[in-house]
Amino acid sequence: MLTQRQENRYLAYDNLYQALKRDPSIYQQDVAFRDIVERIERAVKGIVANRGIIGEHPTKGVTKDKTAAKTKLITVAAELAGDLFAYATKNKNAVLQAESQLSKSYLRDISGVRLISLTTMLRERLTEHAAALEAYAVSASRLQEFDDAFDAYDQQRNGPRLQVGKIAAVRITVNRHFDTLADLVKDELMPSLRKYERQAPEFFVRVISAREVIDLTATRKRKDVKGDVGDVKDVETPLASIQNPSTDTSADS
């Protein structure tokens, strides 16, 4: 979602674009002007394409999904670790016994980084002893289930971070589109539009009016105006509207 100010600016630029596109036959022979309009169109559509991405919430619903993925990985890993531990015990392999002492309760209490590290080590040991572990019903389908559970949890851990980076990049892109539009309108469109004041006066007025909307949107600010309103005899006047003739500041009393 764009900020309110960005949304206002976008709507103003889109209004300008629609004014330009209403009757393109007017500038059909003006190659340079057509190019300006096309670049305005690309920038406006570039903002539209990214509005939804900015509005995404990368962490929405992640906690629930991450917990489910972690639980599945812990369950599958603990089961396989139990078979590996039984195999290591039978073969009096103390090192392998120590590495495979991975109970559910232990795996639940460690950090996500540690869980990834230990389950990676477990997968390596399962591969090293795959042939012997077939006698413990460590089948290809169980190993695949382990791999799928590992990938799902790893994705839940890293996905939101990647999405945050993506959204930040999109914000930069949107700001560049706004900068492009500002430069195009000020430095190219307005000078090129001058000739149409005589050639196509209705078109000229339509575009100028749309441009003024952009200027108002970009510069309008809220101000608090304090004080008493009085007439020429300094008698207080309620419900009066005032305006500073030297500025666009106005207020109601």
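This note's numbering puts the first residue of the sequence shown at 1213, with every later residue one more than the last.
Beta carbons: idealized from backbone N, C-alpha and C, even for Gly.
For clarity, every value in this text was computed on a predicted model and none was experimentally measured.
Checklist entry - Per DSSP, what kind of secondary structure is T1243 in: helix, strand or coil? => result Here residue 1243 turns out to be Val, not Thr, going by the sequence shown. When secondary structure is reduced to three states using DSSP, V1243 falls in the helix class.
Checklist entry - Which residues bound the alpha helix (DSSP H) around N1165? => result In the structure as shown, the chain starts at 1213 and stops at 1465, and residue 1165 therefore has no counterpart that could be examined.
Checklist entry - Leaving out the 5 sequence neighbours to the left and right, which residues in its chain are closer than 7 Å to Y1348 when beta-carbon positions are compared? => result Hits under 7 Å: D1295, A1298, Y1299.
Checklist entry - For V1256, which residues of its own chain have a beta-carbon under 6 Å away from its beta-carbon, when the five flanking residues on both sides are left out? => result Within the same chain, Cβ atoms closer than 6 Å to the Cβ of V1256 are found at Y1225, D1226, Y1229, the five residues on either side in sequence being excluded.
Checklist entry - With L1338 and L1345 assumed to form a contact (beta carbons below 8 Å), what rounded beta-carbon distance in angstroms separates them? => result Yes, they are in contact, since the Cβ atoms of L1338 and L1345 sit about 7 Å apart, within 8 Å.
Checklist entry - Given that a residue counts as buried once 16 or more other Cβ atoms are within 10 Å of its Cβ, and exposed if not, what is A1281? => result Buried is the call here.
Item to check | Through-space distance from N1370 to V1397, alpha-carbon basis | outcome: Near 41 Å, if we compare the C-alpha coordinates of N1370 and V1397.
Next on the checklist: Can you confirm whether the region 1276 to 1292 touches the region 1303 to 1317 when touching is taken to mean that 3 or more C-beta pairs between the two stretches lie within less than 8 Å?
Outcome noted: Contact annotation: the region 1303 to 1317 touches the region 1276 to 1292, with at least three C-beta pairs closer than 8 Å.
Checklist entry - With a CB to CB cut of under 8 Å and the five nearest residues on each side skipped, what residues in its chain are close to I1252? => result Leaving aside the five residues that flank I1252 on each side, the residues in its chain whose CB is nearer than 8 Å to its CB run, in chain order, Y1225, L1228, Y1229, L1232, L1393, L1396, V1397, L1401.
Item to check | Pairwise C-alpha distance: G1324 and L1330 | outcome: Our two residues, L1330 and G1324, have alpha carbons roughly 10 Å apart in a direct line.
Checklist entry - Whose C-alpha, out of N1303, F1245, K1278, F1415, is nearest the C-alpha of A1364? => result Distances from the CA of A1364 to each of N1303, F1245, K1278, F1415 were compared; the closest alpha carbon is that of K1278.
Next on the checklist: For a test of the three-state rule: what should DSSP assign to N1262, helix, strand or coil?
Outcome noted: Helix, per DSSP.
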